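Okay, so here's the structure we're looking at.
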């Protein structure tokens with residue numbers, strides 16, 4: 040489990056395609072490997088990956104076809120910057136919100152609107168996932184825990200907005216994200232469980 044509080048911005052060091060269904064990803068991130076162990080979990084731009092090898096500067100993880108096909112991980116290239124977070128410890132403060140590292144959808148950045156003290160990002164997302172995104176609720180964008188500041192519909196698509204403070208823009212990859220870019224979205228796990236329970240009640 041994670042909290043969506045980015046610890047370090049790392050860099051993709053290498054991607055080795057193992058076959059048509061998998062790849063080995065090597066990520067440079069000295070801080071997140073400072074106490075790494077084989078089998079531990081590290082979130083890479085919101086995707087929970089398992090460490091299979093590491094040294095003092097970087098770690099490697101196997102990536103399955105499901106992850107390559109349904110997250111932005113499949114589009115990464117060496118040199119690309121990524122948000123990194125180690126799994127939360129039971130004694131840690133929960134600074135963001137409960138994040139599983141299981142990406143629900145890939146959204147598209149529609150626009151960035153700057154102001155004096157923050158910048159509003161609007162993302163387009165499929166309505167099937169937008170129903171789990173609520174005004175003033177939490178959403179994870181590329182591994183960053185954010186508060187939803189606006190929601191709406193646009194034709195057959197839906198959108199949501201988040202307002203980013205200067206620290207978030209400077210200390211995560213979101214500050215360098217261009218309009219049109221694809222990002223990993225994880226909706227609130229509590230909302231998904233509530234929806235599932237309500238669906239079960241409707242069938243009974």
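In my numbering, the protein residues as written are 40 to 243.
Just so it is clear, CB atoms sit at the ideal spot from N, CA and C, and this is done for glycine as well.
Since the model is a prediction, treat every value here as computed from it, not as a measurement.
Checklist entry - Where does residue 60 sit, in a helix, a strand or coil, going by DSSP? => result Walking along the chain shown from the start, residue 60 turns up at place 21. Coil, per DSSP.
Item to check | DSSP-derived helix/strand/coil call for residue 235 | outcome: Counting from 1 along the chain shown, the entry for residue 235 is found at position 196. Note: residue 235 maps to helix in three-state DSSP.
Next on the checklist: Quick check: what's the CA-CA separation for residue 59 versus residue 157?
Outcome noted: Here residue 59 corresponds to residue number 20 of the chain shown, with the count starting at 1. Here residue 157 corresponds to residue number 118 of the chain shown, with the count starting at 1. Going from the Cα of residue 59 to the Cα of residue 157 covers about 42 angstroms.
Item to check | Backbone secondary structure at residue 228 - three-state DSSP | outcome: Reading the chain shown from its first residue, position 189 is the one you call residue 228. DSSP, reduced to helix, strand and coil, places residue 228 within a helical segment of the structure shown.
Checklist entry - Identify the residues that DSSP records as bridge partners of residue 123: which are they? => result Taking the first residue of the chain shown as 1, we reach residue 123 at position 84. Partner residues in the beta bridge of residue 123, as assigned by DSSP, are 47 and 83.
Item to check | Same chain, Cβ closer than 8 angstroms to residue 127, neighbours up to 5 away in sequence not counted | outcome: Here the question's residue 127 lines up with position 88 in the chain shown. Result list for residue 127: 40, 41, 42 and 133, in chain order.
Item to check | Integer-rounded CB distance, given that residue 223 should sit under 8 angstroms from residue 181 | outcome: Residue numbering aside, residue 181 sits at position 142 when the chain shown is read from its first letter. Residue numbering aside, residue 223 sits at position 184 when the chain shown is read from its first letter. Contact flag correct, Cβ pair sits at about 5 angstroms.
Next on the checklist: Tell me whether residue 154, by its Cβ, gets closer than 8 angstroms to a heavy atom of the ligand SAH.
Outcome noted: Among the components of this structure there are no ligands whatsoever, and the ligand SAH is therefore not found.
Next on the checklist: Taking 8 angstroms as the cut-off, does the segment 99 to 114 touch the segment 196 to 216 (at least 3 CB pairs, one atom from each stretch)?
Outcome noted: No, the segment 196 to 216 does not touch the segment 99 to 114.
Next on the checklist: For residue 139 and residue 114, what's the separation of their Cα atoms in angstroms?
Outcome noted: Locating residue 139 in the chain shown gives position 100, counting from the first residue. Locating residue 114 in the chain shown gives position 75, counting from the first residue. Rounded to the nearest whole angstrom, the C-alpha separation of residue 139 and residue 114 is 21 angstroms.
Checklist entry - DSSP beta-bridge partners for residue 185? => result On the chain shown, residue 185 is found 146 positions in, with the first residue counted as 1. Per the DSSP secondary-structure output, residue 185 pairs in a beta bridge with 178.
Checklist entry - Can you name, in chain order, every residue of its own chain whose Cβ lies under 7 angstroms from the Cβ of residue 79, other than the five neighbours on each side? => result The residue you call residue 79 lines up with position 40 of the chain shown. If we look at residue 79 and ignore the five residues flanking it on each side, its Cβ neighbours are 90 and 126.
Next on the checklist: With H, G and I counted as helix, E and B as strand and the rest as coil, what does DSSP make of residue 163?
Outcome noted: As a first step, residue 163 must be located in the chain shown, where it is residue number 124. Per DSSP, reduced to three states, the secondary structure at residue 163 is strand.
Next on the checklist: Please state the DSSP three-state secondary structure of residue 88.
Outcome noted: Taking the chain shown and counting its residues from 1, one reaches residue 88 at position 49. Residue state, collapsed to three classes: strand.
Checklist entry - residue 192: which of 162, 217 and 225 sits nearest, CA to CA? => result Translated into the one-based positions of the chain shown, residue 192 becomes position 153. Comparing Cα positions, the closest option is 162.
Checklist entry - What's the gap between the Cα of residue 219 and the Cα of residue 187? => result In the chain shown, residue 219 corresponds to position 180, counting from 1. In the chain shown, residue 187 corresponds to position 148, counting from 1. A direct Cα-Cα distance of roughly 20 angstroms separates residue 219 from residue 187.
Next on the checklist: Using only the alpha-carbon positions, how far apart do residue 119 and residue 177 sit?
Outcome noted: The count along the chain shown starts at 1 and reaches residue 119 at position 80. The count along the chain shown starts at 1 and reaches residue 177 at position 138. The alpha-carbon atoms of residue 119 and residue 177 are separated by roughly 26 angstroms.
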